[in-house]
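Residue numbers (this note's numbering): 267 to 415.
Here you go:
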């Protein structure tokens, strides 16, 4: 029995170490572009993507390069993605650089370096966060509402 135990431990360790690799490999599967309706858009010189309904569309956005602010909108205990968020990104209070209606559930934005206030509103319930974006890795913000109303 001791020999079996010592044999199984390395196999279990390799399995645990490989799990993140398997997850990443799954996200690199080919995307069925016939169901994907995400297109790069611009507003006030700011480039962005908004969408992510369905697996292929979500993966298409998640694989997009060149966006330094990534936002995710979700509701409920299960964290279900929602596409009905009003979004305002402000450089200074009262000075919006991007305003979107019915955005999400994923929004990726390319902003000039600086500090921004992000206001996400769903059914009148507001969530706020700040993002200091620059030339480094993308800043990730998650906005979550507890109720589905």
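Yeah, the Cβ is synthetic: ideal placement off N, Cα and C, and Gly gets one too.
Identified DSSP bridge partners for residue i
i	result
residue 306	BP columns for residue 306 are empty, so no partner.
residue 389	Partner(s): none; residue 389 has no beta bridge.
residue 397	382
Supposed contact pair residue j and residue i - C-beta distance, whole angstroms, cut 8 Å
i	j	result
residue 364	residue 309	6 Å
residue 385	residue 354	5 Å
residue 406	residue 336	5 Å
residue 404	residue 333	6 Å
residue 342	residue 391	Contact flag wrong, Cβ pair sits at about 13 Å.
residue 410	residue 367	Not a contact, Cβ separation roughly 20 Å.
residue 373	residue 316	5 Å
residue 383	residue 351	Residue 383 to residue 351, Cβ: 15 Å. No contact.
residue 312	residue 356	Not really, about 12 Å apart at Cβ, beyond 8 Å.
residue 371	residue 320	Contact flag wrong, Cβ pair sits at about 10 Å.
Three-state secondary structure (DSSP) of residue i
i	result
residue 316	strand
residue 412	coil
residue 377	coil
Next item on the list: Quick one: which unbroken beta strand (DSSP E) runs of 3-plus residues sit fully inside the stretch 318-375? Chain order, please.
Entry: 335-341, 351-358, 361-369
Next item on the list: May I ask you to verify whether the stretch 385-399 touches the stretch 315-330, counting CB pairs closer than 8 Å and requiring at least 3?
Entry: no
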